[in-house]
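A short write-up of the structure that comes next.
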Amino acid sequence: MALYSEKVMDHFRHPRNVGVIEDADGVGEVGNPVCGDIMKIYLKIDGDIVTDVKFETFGCGSAIASSSMATEMIKGKPVSEVLTLTNKAVTEALDGLPAHKLHCSVLAEEAIKKAVKDYYDRNGIPYDPAQFPEEEEEGGACRFR
Ligand code: FES
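By our numbering, the letter at position 76 of the sequence shown is numbered 78, and the numbering carries on one by one without gaps.
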């Protein structure tokens, strides 16, 4: 069996939603100091719906494929639903990732959640801080390339 699914290869070679939203309503950036990969998510939100999303990922192929798939999964969705997106759902939508690459999909989940938190903060919308991951000081789970 090939190491990467056809979907992973497709989203890696032809990533969807790459770019920047200059007037984004929420921006989330996460990085992993161990592998050095960085992911940045931009959200445009109108009436609680994610009307546009773009990403910049400086990282491995799995991180790029995960960003691409995750952005496709949240576009057009209400913010409350976006917050329920898990890296597991992203991985399943990609027809799986190798075990040692699962952590790359975590970056996508965290960057999206951070962008929503930024949107809430900018607009003074109250939220439960427990919904959002702690700021990562250490390298997290990403130890492989
Ligand atoms: Fe660091 Fe994939 S995100 S190796």
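Here a beta-carbon is modelled for each residue, glycine too, at the ideal position from N, C-alpha and C.
Being a predicted model, the structure only gives us computed values, none of them experimental.
What is the rounded straight-line gap between the Cα of residue i and the Cα of residue j?
| i | j | result |
| --- | --- | --- |
| Met71 | Leu96 | 7 Å |
| Glu140 | Ser64 | Model confidence at Glu140 stands at a pLDDT of 48, short of 50, so the residue's coordinates are unreliable and nothing is read from them. |
| Glu136 | Glu8 | 33 Å |
| Phe14 | Ala117 | 22 Å |
| Pro100 | Ala67 | 13 Å |
| Leu5 | Met11 | 10 Å |
| Ala91 | Glu31 | 20 Å |
| Thr88 | Phe134 | 12 Å |
| Gly61 | Ile40 | 6 Å |
Please confirm whether any heavy atom of ligand 1 lies closer than 6 Å to the CB of residue i.
| i | result |
| --- | --- |
| Gly150 | Outside the shown range of the chain, which is 3 to 147, sits residue 150, and nothing can be said about it. |
| Asp39 | yes |
| Asn89 | no |
| Ser64 | yes |
| Asn34 | yes |
Classify residue i: buried if its beta carbon has 16 or more other beta carbons within 10 angstroms, exposed otherwise.
| i | result |
| --- | --- |
| Tyr44 | buried |
| Asp120 | buried |
| Ser82 | exposed |
| Pro17 | buried |
| Gly38 | exposed |
| Thr73 | buried |
Helix, strand or coil: how does DSSP classify residue i here?
| i | result |
| --- | --- |
| Leu45 | strand |
| Asp120 | helix |
| Tyr63 | The question names Tyr, but residue 63 is Gly in the sequence shown. Residue state, collapsed to three classes: helix. |
| Lys115 | helix |
| Val22 | coil |
| Phe146 | Reliability of the predicted coordinates at Phe146 is poor, the pLDDT of 47 falling under 50, and the value obtained from them is presented with this limitation in mind. Correct three-state label for Phe146: coil. |
| Phe134 | coil |
| Asp27 | coil |
| Asp39 | coil |
| Asp50 | coil |
Would you say the stretch 51–59 touches the stretch 3–23, given that touching needs at least three Cβ pairs under 8 Å? yes
Contact between the stretch 98–114 and the stretch 125–133: three or more CB pairs below 8 Å? Because the criterion of three Cβ pairs below 8 Å is not met, the stretch 98–114 and the stretch 125–133 do not touch.
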